[in-house]
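Colleague: Just passing along the structure, written as structure tokens.
4 protein chains.
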Amino acid sequence: MMQDKILSTVKDQELIKKRRDQMIKGAISLFKEKGFHRTTTREIAKASGFSIGTLYEYIRTKEDVLYFTCDAIYDQVRKHLEKAFHLENPSLESLVSVIKSYFYLMNEMQEEILILYQEVKSLKKETREYILKKELVMVEMLEQIIFACAPQEKSKEEVALLANNIFVQGQMWAFRRWILQRQSTIEAYTERQIKFLLKSLA
Amino acid sequence: MMQDKILSTVKDQELIKKRRDQMIKGAISLFKEKGFHRTTTREIAKASGFSIGTLYEYIRTKEDVLYFTCDAIYDQVRKHLEKAFHLENPSLESLVSVIKSYFYLMNEMQEEILILYQEVKSLKKETREYILKKELVMVEMLEQIIFACAPQEKSKEEVALLANNIFVQGQMWAFRRWILQRQSTIEAYTERQIKFLLKSLA
Amino acid sequence: MMQDKILSTVKDQELIKKRRDQMIKGAISLFKEKGFHRTTTREIAKASGFSIGTLYEYIRTKEDVLYFTCDAIYDQVRKHLEKAFHLENPSLESLVSVIKSYFYLMNEMQEEILILYQEVKSLKKETREYILKKELVMVEMLEQIIFACAPQEKSKEEVALLANNIFVQGQMWAFRRWILQRQSTIEAYTERQIKFLLKSLA
Amino acid sequence: MMQDKILSTVKDQELIKKRRDQMIKGAISLFKEKGFHRTTTREIAKASGFSIGTLYEYIRTKEDVLYFTCDAIYDQVRKHLEKAFHLENPSLESLVSVIKSYFYLMNEMQEEILILYQEVKSLKKETREYILKKELVMVEMLEQIIFACAPQEKSKEEVALLANNIFVQGQMWAFRRWILQRQSTIEAYTERQIKFLLKSLA
DNA sequence: CATGAATGAGGTTTCATTCAT
DNA sequence: AATGAATGAAACCTCATTCAT
Numbered sequence: 001m002m003q004d005k006i007l008s009t010v011k012d013q014e015l016i017k018k019r020r021d022q023m024i025k026g027a028i029s030l031f032k033e034k035g036f037h038r039t040t041t042r043e044i045a046k047a048s049g050f051s052i053g054t055l056y057e058y059i060r061t062k063e064d065v066l067y068f069t070c071d072a073i074y075d076q077v078r079k080h081l082e083k084a085f086h087l088e089n090p091s092l093e094s095l096v097s098v099i100k101s102y103f104y105l106m107n108e109m110q111e112e113i114l115i116l117y118q119e120v121k122s123l124k125k126e127t128r129e130y131i132l133k134k135e136l137v138m139v140e141m142l143e144q145i146i147f148a149c150a151p152q153e154k155s156k157e158e159v160a161l162l163a164n165n166i167f168v169q170g171q172m173w174a175f176r177r178w179i180l181q182r183q184s185t186i187e188a189y190t191e192r193q194i195k196f197l198l199k200s201l202a
Numbered sequence: 001m002m003q004d005k006i007l008s009t010v011k012d013q014e015l016i017k018k019r020r021d022q023m024i025k026g027a028i029s030l031f032k033e034k035g036f037h038r039t040t041t042r043e044i045a046k047a048s049g050f051s052i053g054t055l056y057e058y059i060r061t062k063e064d065v066l067y068f069t070c071d072a073i074y075d076q077v078r079k080h081l082e083k084a085f086h087l088e089n090p091s092l093e094s095l096v097s098v099i100k101s102y103f104y105l106m107n108e109m110q111e112e113i114l115i116l117y118q119e120v121k122s123l124k125k126e127t128r129e130y131i132l133k134k135e136l137v138m139v140e141m142l143e144q145i146i147f148a149c150a151p152q153e154k155s156k157e158e159v160a161l162l163a164n165n166i167f168v169q170g171q172m173w174a175f176r177r178w179i180l181q182r183q184s185t186i187e188a189y190t191e192r193q194i195k196f197l198l199k200s201l202a
Numbered sequence: 001m002m003q004d005k006i007l008s009t010v011k012d013q014e015l016i017k018k019r020r021d022q023m024i025k026g027a028i029s030l031f032k033e034k035g036f037h038r039t040t041t042r043e044i045a046k047a048s049g050f051s052i053g054t055l056y057e058y059i060r061t062k063e064d065v066l067y068f069t070c071d072a073i074y075d076q077v078r079k080h081l082e083k084a085f086h087l088e089n090p091s092l093e094s095l096v097s098v099i100k101s102y103f104y105l106m107n108e109m110q111e112e113i114l115i116l117y118q119e120v121k122s123l124k125k126e127t128r129e130y131i132l133k134k135e136l137v138m139v140e141m142l143e144q145i146i147f148a149c150a151p152q153e154k155s156k157e158e159v160a161l162l163a164n165n166i167f168v169q170g171q172m173w174a175f176r177r178w179i180l181q182r183q184s185t186i187e188a189y190t191e192r193q194i195k196f197l198l199k200s201l202a
Numbered sequence: 001m002m003q004d005k006i007l008s009t010v011k012d013q014e015l016i017k018k019r020r021d022q023m024i025k026g027a028i029s030l031f032k033e034k035g036f037h038r039t040t041t042r043e044i045a046k047a048s049g050f051s052i053g054t055l056y057e058y059i060r061t062k063e064d065v066l067y068f069t070c071d072a073i074y075d076q077v078r079k080h081l082e083k084a085f086h087l088e089n090p091s092l093e094s095l096v097s098v099i100k101s102y103f104y105l106m107n108e109m110q111e112e113i114l115i116l117y118q119e120v121k122s123l124k125k126e127t128r129e130y131i132l133k134k135e136l137v138m139v140e141m142l143e144q145i146i147f148a149c150a151p152q153e154k155s156k157e158e159v160a161l162l163a164n165n166i167f168v169q170g171q172m173w174a175f176r177r178w179i180l181q182r183q184s185t186i187e188a189y190t191e192r193q194i195k196f197l198l199k200s201l202a
């Protein structure tokens with residue numbers, strides 16, 4: 001984990017984990033509300049339940065908080081998907097259920113997804129690439145599944161695009177909530193997208 | 001235009017237009033590079049070719065710059081689309097050509113689209129809603145076109161979703177460039193998306 | 001008049017007088033409302049009915065406006081007093097009527113008096129002294145009247161102090177309005193102050 | 001104390017008191033010299049012996065400095081008066097000694113009194129009223145003393161007016177120094193004012 | 001390990017004044 | 001004479017970061 005590369009003054013590894021988890025929890029709730037830039041380190045410390053001094057025992061710069069936060073969100077998504085993506089006998093139905101599972105997760109994690117969409121660009125290049133690689137891995141997992149479940153003759157590029165489309169359509173439910181959620185539910189939305197998708201796969 | 005509602009100390013309407021255009025141009029190039037929050041008003045003034053004092057003759061707050069910028073980007077998109085959307089005899093082919101035209105525009109306006117995606121959330125509620133309404137209008141235009149060109153039995157909701165998908169798939173080319181543009185060109189991308197879409201419409 | 005010493009780009013003397021009168025009128029109403037420091041030159045120009053450029057044809061610095069304003073207020077007071085102070089046959093009664101006349105004037109000019117009290121200190125030393133000399137002259141006029149009307153054996157110093165007391169008690173009605181005007185009228189206030197004064201003179 | 005209502009980022013109450021006292025001392029010396037508006041927050045910080053950042057740990061806005069300063073000046077006056085006003089057996093002599101004590105205090109606190117006279121109006125309504133109430137209380141204390149020491153038949157209104165006159169005559173020594181202190185000493189001034197006053201009381 | 005007071009660079013915004021038209 | 005757009009110094013205030021306790 002790259003997380004470990006960010007040095008902490010503190011030695012006790014368990015404590016580091018605990019404090020960073022507190023921090024991420026506090027940060028997410030603040031970033032949801034006001035975004036990264038409008039949130040101060042003092043607020044983060046307070047929301048995390050410790051002092052500003054202590055916060056800086058576990059990070060080097062404010063950007064580290066954003067990094068940890070994005071990282072944690074991606075891990076949460078990945079953890080969920082890994083479970084769902086573990087298919088026994090691939091079939092179109094299992095692809096459908098994977099997609100459903102993913103869309104419903106996006107519905108639950110709407111706010112966190114918004115954070116990713118809006119703030120990742122504030123990370124510096126190197127860190128941003130590290131974070132995005134995590135999404136890349138997930139997209140590739142999805143590609144595998146499509147290959148396995150819908151093995152019609154399709155080029156690698158087409159499958160890759162389908163995987164991306166599915167990924168974005170899940171996130172879209174979050175970042176276009178102002179338009180999509182005015183008149184639809186996650187269930188109806190999922191239903192329709194899957195319908196279109198299956199036609200595309202045909 | 002809501003633009004007019006933002007007061008300027010300056011009275012000459014033509015000059016206001018000219019200066020605000022300079023400002024938008026300067027701001028876009030800076031926002032592309034470092035985002036809204038990391039750009040200072042001093043930098044905006046300089047990039048616009050006038051002094052900080054002059055900048056504030058044409059805006060009230062820094063947020064106004066973001067507002068003008070987003071507004072201008074949306075207007076640029078809309079202006080283009082209005083032309084492309086003006087169909088003579090609707091057919092599947094004309095739908096395809098509309099989509100192509102839109103995708104190619106997104107390719108040209110990549111950086112601007114990124115600004116929209118990342119910074120609109122920094123506008124205050126009221127202004128943000130005003131800006132998003134512009135996108136809503138465009139989505140509705142696309143819905144009309146789909147109805148006209150692909151008049152198979154489809155529910156209003158399905159058409160709305162298709163319009164949204166098309167819209168997002170265009171923008172996606174910009175905001176997922178790090179993954180999509182590594183291995184594809186706008187032409188190939190457009191081709192494939194249209195292929196999937198036509199299947200969905202079938 | 002020192003006013004004339006403040007150069008104006010404009011040559012036409014009548015116009016200068018007219019413009020400065022407009023300016024003073026505008027300035028007084030603004031200073032009443034928000035004080036000298038919180039009033040901007042732009043606001044003064046607007047309230048005076050001309051442009052900021054024109055304002056600066058008739059003054060050199062913002063402080064000049066304050067100077068003209070204080071000067072005009074003092075002149076207004078003096079003009080009034082000169083009439084009232086012109087006694088035919090001096091007597092205690094005529095002293096009383098002079099005081100009454102002064103107090104009632106202070107009542108009418110409350111806001112202007114407040115400007116003097118609060119803003120004269122913002123004038124630079126030299127100008128301030130020039131302005132205060134005008135009050136000194138008025139106090140001396142009052143001393144003459146006391147001498148003439150209440151010719152009991154009193155030292156020069158005592159008379160000077162009485163004159164000052166009377167002057168301040170008139171202004172007090174304005175600058176202590178928050179305490180005095182809650183429960184009294186100018187008539188009752190004048191009555192009582194005169195009663196005490198006559199005892200002091202006895 | 002209302003002071004406590006103004007939040008400080010700092011938690012240590014003793015430190016807050018200490019720093020605010022430093023601040024008030026620094027501010028008074030600057031306000032004496034150049035007034036509130038012409039004094040910058042940086043100057044206040046420097047004169048207080050700490051950085052601009054630290055200053056803002058103990059206040060929210062520049063106006064708070066003025067508020068603390070006025071409040072401190074009034075408290076200093078009140079503290080002094082409370083001692084002097086504590087009479088054992090009331091008599092005309094004790095009234096005279098109270099007045100003397102007050103006038104001499106005004107002589108010592110001339111500059112501070114000037115600050116009150118010129119700057120209180122810069123406080124926002126609510127705060128200004130809170131500050132003025134402190135003066136009101138002192139005036140009422142003086143009314144009590146007059147009642148006790150000079151119990152001739154006098155109306156409540158007359159006593160109130162006398163108390164106000166005494167108060168203003170003390171402050172006058174400060175704010176009319178340019179005229180009064182040219183030719184008199186505080187001793188002579190006090191003597192004469194008391195003489196007039198006793199006649200008024202007769 | 002934890003705390004929180006201190007720091008000061010740097011952000012946004014204002015406004016007196018000038019000068020070309 | 002009148003205008004008003006342009007200027008930029010300087011104001012207030014914030015906040016990431018440090019470090020003595």
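Protein chains in written order, with UniProt numbering: chain B, 1 to 202; chain V, 1 to 202; chain L, 1 to 202; chain H, 1 to 202.
Virtual Cβ for every residue (Gly too), placed ideally from N, Cα, C.
#1: Apply the 10 Å Cβ neighbour rule to B/Phe196 and answer buried if 16 or more other Cβ atoms are within range, or exposed otherwise.
#2: Please state whether DSSP places L/Val120 in a helix, a strand or coil.
#3: Please report the straight-line C-alpha distance between L/Arg38 and H/Lys154, rounded to a whole angstrom.
#4: Please say whether H/Phe85 and H/Thr190 have beta carbons closer to each other than 7 Å?
#5: When the Cβ atoms of the segment 95–114 of chain B are set against those of the segment 46–58 of chain B, are three or more pairs found closer than 8 Å?
#6: For the alpha helix (DSSP H) containing V/Gly53, name the first residue and the last one.
#7: Strictly below 9 Å CB to CB, what residues from chain B border V/Gly35?
#8: Please list the partners that L/Gln22 has in chain H, where partner means a Cβ-to-Cβ separation under 8 Å.
#9: Using a Cβ-Cβ cutoff of less than 7 Å, which residues in the same chain neighbour L/Val98 once the five nearest sequence positions on both sides are dropped?
#10: Can you look up B/Arg182 in the DSSP assignment and give me helix, strand or coil?
#11: Give the range of the alpha helix (DSSP H) segment to which V/Arg128 is assigned.
#12: Going straight from the alpha carbon of L/Phe68 to that of L/Glu143, what length do you get?
#13: Looking only at its own chain, which residues have a Cβ that is under 7 Å from the Cβ of residue 218 of chain L, when we skip the five neighbours before and after it?
#14: Can you name, in chain order, every residue of its own chain whose Cβ lies under 8 Å from the Cβ of V/Ile59, other than the five neighbours on each side?
#15: What residues from the segment 177–197 of chain L come within 9 Å of chain H, judged by C-beta to C-beta, listed N to C?
#16: Quick check: the Cα distance between L/Glu126 and B/Thr61, rounded to an integer number of angstroms?
#17: Between the Cα of B/Arg19 and the Cα atoms of B/Ser51, B/Ile166 and B/Asn165, which residue gives the shortest distance?
#18: Please determine if the segment 168–183 of chain B and the segment 164–179 of chain V are in contact, where contact requires at least 3 C-beta pairs separated by less than 8 Å.
#19: Please check if any C-beta of chain L sits within less than 7 Å of the C-beta of H/Lys199.
#20: Buried or exposed: which applies to H/Met1, given that a residue is buried once 16 or more other Cβ atoms fall within 10 Å of its Cβ?
#21: Find the nearest neighbour of residue 205 of chain L within the set H/Val77, H/Ile194, H/Leu201 and H/Lys32, judged by alpha-carbon distance.
#22: Going by C-alpha distance, which of L/Arg128, L/Lys100, L/Glu157 and L/Glu63 is nearest L/Tyr74?
#23: Using alpha carbons as the reference points, say which of V/Tyr56, V/Glu88, V/Lys124 and V/Ala27 lies closest to B/Glu33.
#24: Can you list, in chain order, the residues of its chain whose CB lies under 8 Å from that of L/Lys134, leaving out five sequence neighbours each side?
#25: Less than 7 Å between the beta carbons of V/Leu15 and B/Trp178, yes or no?
#26: Looking at B/Ser184: is its Cβ nearer than 7 Å to the Cβ of V/Lys199?
#27: Do L/Ala163 and L/Val137 have their C-beta atoms within less than 7 Å of each other?
#28: Please compile the residues from chain L whose C-beta is within a distance smaller than 8 Å of the C-beta of H/Asn89.
#29: Below 8 Å on the Cβ atoms is my guess for L/Leu92 versus L/Cys149; work out the distance and round it to an integer in Å.
#30: Is H/Arg176 near L/Glu158, with beta carbons less than 7 Å apart?
#31: Measure from the alpha carbon of L/Ser122 to the alpha carbon of each residue in H/Arg42, H/Phe31 and H/Pro151, then state which is nearest.
#32: Kindly indicate if chain B contains any beta-carbon less than 7 Å away from that of V/Gln144.
#33: Does DSSP put H/Asp64 in a helix, in a strand, or in coil?
#34: How close, in whole Å, do the beta carbons of V/Gly26 and V/Gln118 come, if the pair is a contact with beta carbons under 8 Å?
#35: Select from B/Lys156, B/Leu95 and B/Lys17 the residue whose C-alpha is nearest the C-alpha of B/Glu57.
#36: So, helix, strand or coil for L/Ile6, using DSSP?
Modeller: Put simply:
#1: As a working note, residue 196 of chain B is residue 196 in the first sequence. It is buried - the Cβ of B/Phe196 has at least 16 other Cβ atoms within 10 Å.
#2: Residue mapping note: residue 120 of chain L aligns to position 120 of the third sequence, counting from 1. If DSSP states are grouped into helix, strand and coil, L/Val120 belongs with the helices.
#3: Counting from 1 along the third sequence, the entry for residue 38 of chain L is found at position 38. Counting from 1 along the fourth sequence, the entry for residue 154 of chain H is found at position 154. In a straight line, the C-alpha of L/Arg38 is about 44 Å away from that of H/Lys154.
#4: Residue 190 of chain H sits at position 190 when you count from the first residue of the fourth sequence. Residue 85 of chain H sits at position 85 when you count from the first residue of the fourth sequence. Going by C-beta atoms, H/Thr190 is not nearer than 7 Å to H/Phe85.
#5: no
#6: In the second sequence, the residue the question calls residue 53 of chain V occupies position 53. V/Gly53 -> alpha helix (DSSP H) spans Ile52 to Tyr58.
#7: In the second sequence, residue 35 of chain V corresponds to position 35, counting from 1. Those within 9 Å of V/Gly35 in chain B are His37, Lys121 and Ser122.
#8: Here residue 22 of chain L is taken as the residue at index 22 of the third sequence, counted from 1. Per Cβ cutoff of 8 Å: no residues; L/Gln22 is ~26 Å from chain H at best.
#9: Residue numbering aside, residue 98 of chain L sits at position 98 when the third sequence is read from its first letter. So the qualifying residues of the chain are Ala84, Phe85 and Ile145.
#10: On the first sequence, residue 182 of chain B is found 182 positions in, with the first residue counted as 1. Coil, per DSSP.
#11: Counting from 1 along the second sequence, the entry for residue 128 of chain V is found at position 128. Looking at the DSSP string, the run of the alpha helix (DSSP H) that includes V/Arg128 is Lys125 to Cys149.
#12: As a first step, residue 68 of chain L must be located in the third sequence, where it is residue number 68. As a first step, residue 143 of chain L must be located in the third sequence, where it is residue number 143. Taking the straight line joining both Cα atoms gives about 27 Å.
#13: For chain L, the structure presents residues 1 to 202; residue 218 of chain L sits outside this window and is missing.
#14: Counting from one through the second sequence, the residue named residue 59 of chain V turns up at place 59. Excluding sequence neighbours, V/Ile59 sits near Ile6, Ser8, Met23, Val65 and Phe68.
#15: Trp178, Ile179, Leu180, Gln183, Ser184, Ala188, Tyr189, Arg192, Gln193, Lys195, Phe196 and Leu197
#16: Numbered from 1 along the third sequence, position 126 holds the residue referred to as residue 126 of chain L. Numbered from 1 along the first sequence, position 61 holds the residue referred to as residue 61 of chain B. In a straight line, the C-alpha of L/Glu126 is about 55 Å away from that of B/Thr61.
#17: For the purposes of this step, residue 19 of chain B is taken as residue 19 along the first sequence, with counting starting at 1. Nearest C-alpha to B/Arg19: B/Ser51.
#18: yes
#19: Position 199 of the fourth sequence, counted from the first residue, corresponds to residue 199 of chain H. Chain L contact via Cβ: present.
#20: For the purposes of this step, residue 1 of chain H is identified with residue 1 of the fourth sequence, where counting begins at 1. Unreliable placement is indicated for H/Met1, whose pLDDT of 48 sits below 50; no coordinate value is reported for it.
#21: The structure shown does not extend to residue 205 of chain L, since chain L spans only 1 to 202, so no value can be given for it.
#22: Here residue 74 of chain L is taken as the residue at index 74 of the third sequence, counted from 1. For L/Tyr74, the nearest C-alpha among the options comes from L/Arg128.
#23: For this step, residue 33 of chain B is matched to residue 33 along the first sequence. Cα-wise, what sits closest to B/Glu33 is V/Lys124.
#24: Walking along the third sequence from the start, residue 134 of chain L turns up at place 134. Within the same chain, L/Lys134 has close Cβ partners Asp71, Tyr74, Asp75 and Arg78.
#25: Locating residue 15 of chain V in the second sequence gives position 15, counting from the first residue. Locating residue 178 of chain B in the first sequence gives position 178, counting from the first residue. It is not a contact, given that the beta carbons lie outside the stated cut-off.
#26: One-based indexing of the first sequence puts residue 184 of chain B at position 184. One-based indexing of the second sequence puts residue 199 of chain V at position 199. No. Outside cutoff.
#27: The count along the third sequence starts at 1 and reaches residue 163 of chain L at position 163. The count along the third sequence starts at 1 and reaches residue 137 of chain L at position 137. The answer is no: Cβ separation not under 7 Å.
#28: Residue mapping note: residue 89 of chain H aligns to position 89 of the fourth sequence, counting from 1. Neighbours of H/Asn89 on chain L: none; closest Cβ ~26 Å, over 8 Å.
#29: Residue mapping note: residue 92 of chain L aligns to position 92 of the third sequence, counting from 1. Residue mapping note: residue 149 of chain L aligns to position 149 of the third sequence, counting from 1. 6 Å between Cβ atoms; contact.
#30: Walking along the fourth sequence from the start, residue 176 of chain H turns up at place 176. Walking along the third sequence from the start, residue 158 of chain L turns up at place 158. No, Cβ-Cβ distance for H/Arg176 and L/Glu158 is not below 7 Å.
#31: Working through the third sequence from its first residue, we reach residue 122 of chain L at position 122. Nearest option by C-alpha distance: H/Phe31.
#32: As a first step, residue 144 of chain V is located in the second sequence; it is residue number 144 there, counting from the start. For V/Gln144, the answer is no, since every Cβ of chain B falls outside 7 Å of its Cβ.
#33: Taking the first residue of the fourth sequence as 1, we reach residue 64 of chain H at position 64. DSSP places H/Asp64 in helix when its eight states are reduced to three.
#34: Along the second sequence, one-based indexing puts residue 26 of chain V at 26. Along the second sequence, one-based indexing puts residue 118 of chain V at 118. No, V/Gly26 and V/Gln118 are not in contact; Cβ-Cβ is about 18 Å, not under 8 Å.
#35: As a position in the first sequence, residue 57 of chain B is number 57, starting the count at 1. Checked all of B/Lys156, B/Leu95 and B/Lys17; the closest Cα to B/Glu57 is B/Lys17.
#36: For the purposes of this step, residue 6 of chain L is taken as residue 6 along the third sequence, with counting starting at 1. Of the three classes helix, strand and coil, the one that applies to L/Ile6 here is coil, per DSSP.
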